[in-house]
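Enquirer:
Numbering (our numbering), first residue to last: 524 to 614.
(1) Under 7 Å Cβ to Cβ from residue 546, same chain only, skipping five residues before and after it: list those, please.
(2) Between the stretch 550–568 and the stretch 578–592, do at least 3 Cβ pairs fall closer than 8 Å?
(3) Only counting the same chain, and skipping five residues up and downstream in sequence, which positions put a Cβ closer than 8 Å to that of residue 574?
(4) So, with DSSP's three-state summary, where would you put residue 585?
(5) Does chain D have any CB closer than 8 Å to the CB of residue 524?
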């Protein structure tokens, strides 16, 4: 892991971000003290899902299953939130 100073990060921010986007992790120092770690952002959930499918870690569902179920119906009486608030009221 390479170390860069706060000044270098400030003066060369575009280059620093290009390096991080390319996969590098950089330790940022201020007056010689480590203050931050710059690393690439995690992949989106969709990217991660597609990556796991590609390497065979997961197998996509063949049909929709849960997505085809009707939404739960509203039941009479207090909601779950109201019941929990009542139970926790004396805390």
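Using N, Cα and C, we set each Cβ at its ideal position, and we do this for glycine too.
Expert: In short, the structure shows the following:
(1) The residues are 563.
(2) The stretch 550–568 is not in contact with the stretch 578–592.
(3) The answer, listed in chain order, is 566.
(4) Three-state DSSP puts residue 585 in coil, outside helix and strand.
(5) Given the protein chain composition of this structure (a single chain), no chain D is represented.
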